């Protein structure tokens, strides 16, 4: 039970914004939403996380729905280096549960 | 600074043979430690996590086991490998000095092929 659902793949043109959606309809009030991304043959790397409020950092923005049943990772200007598999994760207790992720293709 | 290492990086083993993958963390104390497996083209599956020495929680019943003999050492083992054990194994840690939102840091991964 991955506890989150994401589209299998998405495409974006280089230099354009990308919105990666995630559904987590069974989330509890204390679960954080984390996003990680993974390049081929590497371990995932942290992107951003949040609980209720929208969050911004140097890599991305995270928009969390008011009912917390969904969230969207926003890459403001996609670059070729952003091509990766993006995972939306519920952090509950001590466990991080990864779903199958969204494979992002960036078109030059 | 904190670092995480796991080895071996690649491993080819026959069915029925034993397995031992090792992970060590440096530069931190009492981390939470995790083992994940990623089958080809799939997401990450949480196998085990540990909040302290000798404390192991298993997420998925299987022929794998984990041990934490020292604070910063996490070992994944099997007595008899199956074909389905092939995959990319990732060790990760999270510092308890951080809040509950502390991020995971992953090792370089160990690619296991069972023939």
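Protein chains in written order, with our numbering: chain A, 57 to 164; chain B, 426 to 540.
From the three backbone atoms N, C-alpha and C, an ideal C-beta is built for every residue, glycine too.
It should be emphasised that the depicted structure is a prediction, and the values quoted were computed from it without experimental measurement.
### Query
If the cut is a Cβ gap below 8 Å, which residues of chain B does residue 156 (chain A) touch?
Within the first chain, the letter at position 100 stands for residue 156 (chain A). Under the 8 Å cutoff, chain B gives 467 and 468.
### Query
Applying a beta-carbon distance threshold of less than 8 Å, which residues of chain A neighbour residue 499 (chain B)?
Taking the second chain and counting its residues from 1, the one referred to as residue 499 (chain B) is at position 74. At a C-beta separation below 8 Å, residue 499 (chain B) has no neighbours in chain A, since its nearest C-beta there lies roughly 14 Å away.
### Alpha-carbon spacing of residue 444 (chain B) relative to residue 122 (chain A), whole angstroms
For this step, residue 444 (chain B) is matched to residue 19 along the second chain. For this step, residue 122 (chain A) is matched to residue 66 along the first chain. So the alpha carbons of these two residues sit roughly 46 Å apart.
### Task
Find the residues of chain B that neighbour residue 99 (chain A), judging by a C-beta separation of less than 8 Å, and give them in chain order.
In the first chain, residue 99 (chain A) corresponds to position 43, counting from 1. Residues of chain B passing the Cβ test: 515, 517, 531, 532, 533 and 534.
### Query
Any Cβ of chain A within less than 8 Å of the Cβ of residue 488 (chain B)?
To locate residue 488 (chain B), count along the second chain from 1; it is residue 63. No, residue 488 (chain B) lies away from the interface with chain A (no Cβ there is under 8 Å from its Cβ).
### Query
If we ignore side chains and look at the alpha-carbon of each, how far apart do residue 162 (chain A) and residue 139 (chain A) end up?
Numbered from 1 along the first chain, position 106 holds the residue referred to as residue 162 (chain A). Numbered from 1 along the first chain, position 83 holds the residue referred to as residue 139 (chain A). Going by the C-alpha atoms only, they are around 6 Å apart.
### Message
So for residue 525 (chain B), helix, strand or coil by DSSP?
### Response
Translated into positions along the second chain, residue 525 (chain B) becomes position 100. Residue confidence is low: residue 525 (chain B) scores 49 on pLDDT, short of 50, so the model does not pin down where it sits. Its coordinate-derived value is still stated next. Coil, per DSSP.
### Query
Out of curiosity, what's the CA-to-CA distance linking residue 469 (chain B) and residue 79 (chain A)?
Taking the first residue of the second chain as 1, we reach residue 469 (chain B) at position 44. Taking the first residue of the first chain as 1, we reach residue 79 (chain A) at position 23. C-alpha separation (whole angstroms): 17 Å.
### Query
Are the beta-carbon atoms of residue 87 (chain A) and residue 147 (chain A) separated by less than 8 Å?
Here residue 87 (chain A) is taken as the residue at index 31 of the first chain, counted from 1. Here residue 147 (chain A) is taken as the residue at index 91 of the first chain, counted from 1. Contact flag set, yes.
### Task
Report the option in B:455, B:428 and B:509 whose CA atom is closest to the CA atom of residue 476 (chain B).
What you label residue 476 (chain B) is simply residue 51 of the second chain in a count that begins at 1. Measuring from the Cα of residue 476 (chain B), the nearest candidate turns out to be B:455.
### Query
From this set, B:442, B:529 and B:483, which residue's C-alpha is nearest residue 427 (chain B)'s C-alpha?
For this step, residue 427 (chain B) is matched to residue 2 along the second chain. Cα-wise, what sits closest to residue 427 (chain B) is B:529.
### Query
What residues match up with residue 112 (chain A) in a beta bridge as DSSP calls it?
Stepping through the first chain from its first residue, residue 112 (chain A) is reached at position 56. Paired residues: A:117.
### Message
Please tell me whether residue 153 (chain A) has its Cβ less than 8 Å away from any Cβ of chain B.
### Response
As a first step, residue 153 (chain A) is located in the first chain; it is residue number 97 there, counting from the start. Closer than 8 Å to some Cβ of chain B, the Cβ of residue 153 (chain A) qualifies, so yes.
### Query
Checking contacts by CB at 8 Å: is residue 471 (chain B) closer than that to chain A?
As a working note, residue 471 (chain B) is residue 46 in the second chain. By this cut-off, residue 471 (chain B) is an interface position.
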